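Here is the structure we will look at, set down as structure tokens.
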Amino acid sequence: MVVGQTFMVAGQAFADSSDFSWVNKCIEDNKTQGQEDSVVIAYCSCMNNKMSSVETKSISAWEQSNPKEAKECSVQAGWQG
């Protein structure tokens, strides 16, 4: 299980605990999507990096109103399907 692990993606460590919490929530929200853990981590990290640091929506909520960014992160992460 990936949730709770400390990780670094694309050479960038998460800046603070709120980033870590947002990414872990995104991972939890996407765990049943049939993707490898590494793909979900990369996708959630990418989405988190695209969001403003003052954003109040979860990554899963934010992706609904930002389909361009979601598609970019899906491609970057290697999301299949």
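Using my numbering, read the sequence shown as starting at 1086 and increasing by one per residue.
For each residue, glycine too, the CB sits at the ideal point set by N, CA and C.
Treat the numbers as computed from the prediction; the structure is a model and nothing was measured.
Here the alpha carbon of residue 1132 sits roughly 17 Å from the alpha carbon of residue 1121. Put simply, the backbone Cα of residue 1114 is about 10 Å away from that of residue 1108.
Short of 6 Å from the beta carbon of residue 1110, and not among the five residues preceding or following it, lie these beta carbons of its own chain, in chain order: 1143.
In terms of Cβ geometry, residue 1124 and residue 1166 do not form a close pair [threshold 8 Å]. When only Cα atoms are considered, residue 1158 and residue 1117 end up about 18 Å apart. For residue 1164, the three-state secondary structure derived from DSSP is coil. When secondary structure is reduced to three states using DSSP, residue 1153 falls in the helix class.
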